[in-house]
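Visitor: Below: one structure in structure tokens.
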Ligand code: F6R
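Residue numbers (this note's numbering): 0 to 260.
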């Protein structure tokens, strides 16, 4: 796991966008794993800028979102399909239908989850997965206690996650769904490169466990310690509880600029 501590969201966005741009140059038909929430927004802004400037194209690429609320109406602005459309897809040049997500309105939820796993596998798997992290250490919506071997399935959101996400629902906790569909931890672990972004003091404890804690279902993101190519991009605040912060900083400073993440 490579930990990179940068001076803010813009630098994080630029570095992650560099990795995605390089990937698409090498492999225009690359498959991206897409997170929603606040953490990836600087990446998406930078990708939109580069796409408008003709510096990168998503014409042949595909995308799979991480998760989806169960039961939100098709036109609800917080339905993750709609969020990813607004924040990303509408600003890039993906082909129609190239980005898909789990179907939180399916009648047969287990079948929809199995179909999602099949769709990812049929696309050749995810080349680069963007992740945020919850204050309780979740990735996707794999809450504490999730099986480290899980695949896409329905999960119950914890009270903490519903509280954290109430800000997207005008602060109305009752409006936050109780269930979601999420790629499992094993699904995420199958991605070839994982880029996890965390900013702000609120993420410092989860980041400490992610990078330096014991691997445990209580902090689901710790499974990434077993991933062969995970990059963790942090600002100073999110890195605030890392014991080896100065080592990560000097290691990254000594890295040749052409090497990328
Ligand atoms: C979103 C997702 C979640 C978020 C996490 C952090 O698709 O899967 O794991 O990444 O809850 O959310 P933010 O970035 O809003 O702090």
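Ideal placement from N, C-alpha and C gives every residue a C-beta, glycine not left out.
Is any heavy atom of ligand 1 found at a distance shorter than 7 Å from the C-beta of residue 35?
Guide: yes
Visitor: Skipping 5 residues on each side, what residues in its chain have a beta carbon closer than 6 Å to that of residue 103?
Guide: 67, 68, 69, 180
Visitor: Going by Cα to Cα distance, which pick from 250, 189, 16 is closest to residue 227?
Guide: 189
Visitor: Counting only runs of 3+ residues fully inside the region 193-245, write out the beta strand (DSSP E) ranges in chain order.
Guide: 229-233
Visitor: For residue 29, which residues of its own chain have a beta-carbon under 6 Å away from its beta-carbon, when the five flanking residues on both sides are left out?
Guide: 22, 23, 60, 126
Visitor: Identify which residue in 198, 187, 40 has its Cα closest to the Cα of residue 90.
Guide: 40
Visitor: DSSP state of residue 182, grouped into three classes?
Guide: Three-state DSSP puts residue 182 in coil, outside helix and strand.
Visitor: Quick test of your reading: residue 243 and residue 223, contact by CB under 8 Å. State the CB separation rounded to the nearest angstrom.
Guide: With 8 Å as the limit, residue 243 and residue 223 do not qualify as a contact, their Cβ atoms being about 16 Å apart.
Visitor: When every heavy atom of ligand 1 is checked, does at least one fall within less than 7 Å of the C-beta of residue 38?
Guide: yes
Visitor: Sorry if obvious, but does the Cβ on residue 115 come closer than 7 Å to a heavy atom of ligand 1?
Guide: no
Visitor: By alpha-carbon positions, which one of 148, 78, 202, 161 ends up nearest to residue 239?
Guide: 202
Visitor: Reducing DSSP to helix, strand and coil, say where residue 21 ends up.
Guide: Helix.
Visitor: State the CB to CB distance for the pair residue 165 and residue 198, rounded to an integer number of angstroms; the pair is presumed to be in contact (CB under 8 Å).
Guide: Wrong, their Cβ atoms sit about 19 Å apart, outside the cutoff.
Visitor: My parser needs the beta strand (DSSP E) runs of 3 or more residues fully inside the region 96-171; what are they?
Guide: List check, beta strand (DSSP E) in window: 127-130, 152-155.
Visitor: Consult DSSP for residue 53 and reduce its assignment to one of helix, strand or coil.
Guide: Note: residue 53 maps to coil in three-state DSSP.
Visitor: Please confirm whether any heavy atom of ligand 1 lies closer than 7 Å to the CB of residue 66.
Guide: yes
Visitor: Excluding the 5 residues preceding and the 5 following residue 140 in the sequence, name in chain order all residues of the same chain whose CB lies nearer than 6 Å to its CB.
Guide: 66, 154, 179, 181
Visitor: In the DSSP assignment, what residue or residues form a beta bridge with residue 93?
Guide: Under DSSP, residue 93 takes part in no beta bridge, so it has no partner.
Visitor: How big is the Cα-Cα spacing for residue 19 and residue 34?
Guide: 14 Å
Visitor: Once the 5 residues before and after residue 98 are set aside, which same chain residues still bring their CB inside 6 Å of it?
Guide: 62, 88.
Visitor: Decide yes or no for the touch test of the region 5-16 against the region 41-55: beta carbon pairs closer than 8 Å, at least 3 of them.
Guide: yes
Visitor: Could you pull out every residue in the same chain whose Cβ sits closer than 8 Å to the Cβ of residue 26, ignoring the five residues on either side in sequence?
Guide: 126
Visitor: Restricting to Cα atoms, I'd like to know which of 107, 118, 109 is closest to residue 100.
Guide: Of 107, 118, 109, the residue nearest in Cα terms is 118.
Visitor: Quick check: residue 220 and residue 136, are their CB atoms within less than 8 Å of each other?
Guide: yes
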